[in-house]
Amino acid sequence: MNTLLYVVSALTVMFTVLAIPVALAFAVHSRTEYDHGPDCWFCHPRLPRIRR
Ligand SMILES: [Zn+2]
């Protein structure tokens with residue numbers, strides 16, 4: 055049971071840690087209207103290796 059609790063706790067912490075920068079990026083983009091350029095993965099969601 056301790057293992058299950060540890061896994062659930064670890065996943066929750068990991069999700070929280072990953073959600074913080076995503077929330078900050080979303081907040082920043084919601085406050086700005088200009089394009090951040092083709093290098094911005096948030097404005098142009100694609101893999102960095104893929105180039106058209
Ligand atoms: Zn952007």
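Convert by adding 54 to the 1-based position in the sequence shown; the result is the number in the numbering used here. For every residue, glycine included, the Cβ atom is placed at its ideal position computed from N, Cα and C.
- Residue 75 and residue 98 have their C-alpha atoms spaced approximately 17 Å apart.
- Those residues having their beta-carbon less than 6 Å away from any non-hydrogen atom of ligand 1 are, in chain order, 83, 90, 94, 96 and 97.
- The alpha helix (DSSP H) runs of length 4 or more contained entirely in the region 66-90 do not exist; there are none.
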